[in-house]
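Inspection log for the structure reproduced underneath, given as structure tokens.
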Amino acid sequence: MGEKVVAGAFDLSDRQHYRDKLRQCLAGLERLLAEQRFDRPKNLMGLEIELNLAGADGAPRMLNGQVLERIASRDFQTELARFNLEVNIAPHRLGGRVFDQLAEELRTSLAYAHRKAREVDAGIVMIGILPTLAAEDLVSANLSEVDRYALLNDQIVAARGEDFTLDIDGVERLSCTAKSITPEAACTSVQLHLQVTPGRFADVWNAAQAVAAVQVAVGANSPFLFGRELWRESRPPLFLQSTDTRPPELQAQGVRPRTWFGERWVSSAYELFEENLRFFPPLLPICDEEDPLGVIDAGGTPKLAELVLHNGTVYRWNRPVYGVADGVPHLRVENRVLPAGPTITDVLANAAFYYGVVRALAEESRPVWARLPFEAAASNFDAACRYGIEARVLWPRRGRLGGVGEVDVVSLVRDELLPLAAAGLDAWGVEAVDRDFYLGVIEERCRLRVNGATWQVATFHGALEAGVSRGEALAATTRRYGELMRAGEPVHLWPVGVGEVAALG
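Here the sequence shown is numbered in our numbering, starting from 6 and rising by one per residue.
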């Protein structure tokens, strides 16, 4: 949610006016779609990575303002809490050696950011949830000093009307309350953007939803929160609960949460924006002066500012995005399921797998979403978050028998999805050397049943067994993770353990 907003109080008429503007924006979107005003295919992808700041001791550092001042680059910006940053990579055309180009850009950017962070005794850690975070770190005093975050916090807290309940039952159980949305800041993610034409949007979004569980299972990297071992990918339940505007009574009624997998396959982008208006009250009723329908009548391209802002407060795992570039509107699918890290190579392997498999699934003559109930895709996502690379998921059977069967994620990836991903990358025009290297990383993770989450858990338990306290084991795991992350070898090659005994000091 990167839109710039200015804090201020809202009165009752603001919300009614905003709802009217949202309806005008939706009507404007419908017209733009009907008049085929959208950009032609460009095969553009984009990448955002949320990052943590931690000290040499592994603990979080609340210094993003000072670090960003030193970095002084528009590629880096604030995120929700003072221990977060985000790096944005300019859009690239999918094809050729794009993943190697991205790797080089990210290595340069993150090494520079890390050097600047060291000037204030901090460092960059690319991970799903920093294992050393404590509940007292995630309080409203540690929100970034940006109007939109304070405003968003105030509005979500007001909508809920009581403390947030965090209750995640995993390997261990976490049960606590929070007075603000700041716990959401523990979740640091990778967002993968893909620009698509309106005619292709539904197929790509449906494909992304179908494969979301597999992405999470293979890429899981968030097993710890507040010192507890929870799900292998604990971001989704934490994000859901820390932004939940529904008190228990509304949950019991079946009111939809703002962090949402969705409930059906779609046939157009319009349906998702329409759902946003139908199901979710506005949190930030800030009106732009633009008359979207008037702009369209005059032959212009509207910003649809209210629609864009509202869309940014509905936290779908695959989000539709409306944007304008050089005066021409476009649509993107923003894939938000992956945790950050462990290494640049791992992030780009996850990206290559996603872009390849989504392309192939979207072009199948009998698409997976015609054969897989949406409820199965949603339950797969839940299972993948809980069990990571050991998850079993429901998937359409191949051959004449048809139907849906349960399969190990690693078998599904190795037998069916990796060949599809390779074909998809070929269709994008990605060179074989990039295709084989990055998909090879996914293959090895599946062969060894290793990812960031399994490494963190094994290393943590190894430290505990060596007689180290729980807090020190988490800190030592975090420090060792940072060393191996900077060394850059993909996580399936990492040795388990905190290294030399001195590393525990």
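Glycine residues also receive a C-beta, built at the ideal position from the N, C-alpha and C atoms.
In this structure the region 230–250 lies against the region 170–184, because at least three pairs of beta carbons, one per stretch, are closer than 8 Å. In this structure, the beta-carbon distance from Asn316 to Asn281 falls below 9 Å.
In this structure, Arg337 sits near Gly51, with a CB-CB distance shorter than 9 Å.
Setting aside the 5 residues that flank it on each side, Leu298 is surrounded in the same chain by Gln29, Ala32, Gly33, each with a C-beta closer than 7 Å to its C-beta; the list follows chain order. In the three-state DSSP reduction, Leu377 falls in the coil class, being neither helix nor strand. According to the DSSP assignment, Leu90 belongs to the beta strand (DSSP E) that extends over 89–98. If the five residues before and after Leu417 are omitted, its C-beta is found closer than 8 Å to the C-beta atoms of Val219, Val398, Trp400, all from its own chain and listed in chain order. Inter-segment contact for the region 182–191 and the region 234–248 is present: three or more beta-carbon pairs are separated by less than 8 Å. For a cut-off of 8 Å, the C-beta gap from Phe285 to Val319 is around 5 Å, short enough to register as a contact. Ranked by Cα distance from Val362, the first of Thr482, Val151, Ala427, Gly332 is Ala427.
For Asp172, the enclosing beta strand (DSSP E) starts and ends at 169–174.
Here the alpha carbon of Phe43 sits roughly 43 Å from the alpha carbon of Asp168. Ranked by Cα distance from Phe379, the first of Asn147, Leu115, Val216, Ala164 is Val216. Three or more pairs of CB atoms, one per stretch, sit closer than 8 Å, so the region 267–274 contacts the region 193–211. Its Cα nearest to that of Ala108, the residue Ile54 stands out among Asn211, Ile54, Leu422, Arg283. Beta-bridge partners of Gly393 (DSSP): none assigned. Within the region 169–243, the complete alpha helix (DSSP H) segments of 4 residues or longer fall at 203–224, listed in chain order. Note on Gly434: under 16 other CB atoms within 10 angstroms of its CB, so exposed under the neighbour-count rule.
Collapsing the DSSP output to three states places Trp460 in a helix.
Proximity to Asp16 across Ile301, Ile291, Glu448 peaks at Ile291, based on C-alpha coordinates. Per the C-alpha coordinates, the member of Asn93, Arg87, Asn69, Glu74 positioned closest to Asp80 is Asn93.
Among the bridge pairs identified by DSSP, Met50 is matched with His97, Leu199.
Within its own chain, the residues whose Cβ lies closer than 6 Å to the Cβ of Ala382, once the five positions on either side in sequence are excluded, are Gln214, Ala215, listed in chain order.
In its chain, beyond the 5 residues on either side, Val271, Ala274, Leu277, Asn323, Pro325, Val338 have a beta carbon closer than 8 Å to the beta carbon of Trp210. Ala64 is not a Cβ neighbour of Gly133, given a cutoff of 9 Å. Taking the CA atoms as reference points, Gln258 sits about 35 Å from Ala367. With a 10 Å radius around the Cβ and a threshold of 16 neighbouring Cβ atoms, Gln160 comes out buried. In the structure shown, Gln41 adopts coil according to DSSP, grouped into three states. Taken atom to atom, the span from the alpha-carbon of Phe104 to that of Glu110 is near 10 Å.
Of the candidates Gly504, Gly410, His198, Arg87, His198 places its Cα closest to the Cα of Leu49. Annotated three-state conformation of Val418 is helix, per DSSP. Inter-residue distance for Val409 and Leu422 is about 16 Å (C-alpha atoms, whole angstroms). In the DSSP assignment, Glu488 falls within the unbroken alpha helix (DSSP H) covering 475–492.
The three-state secondary structure of Pro372, taken from DSSP, is coil. In this structure Leu425 is not in contact with Arg440, their Cβ atoms being roughly 12 Å apart against a cut-off of 8 Å.
Exposure of Val438 is indicated by the presence of fewer than 16 other C-beta atoms within 10 angstroms of its C-beta.
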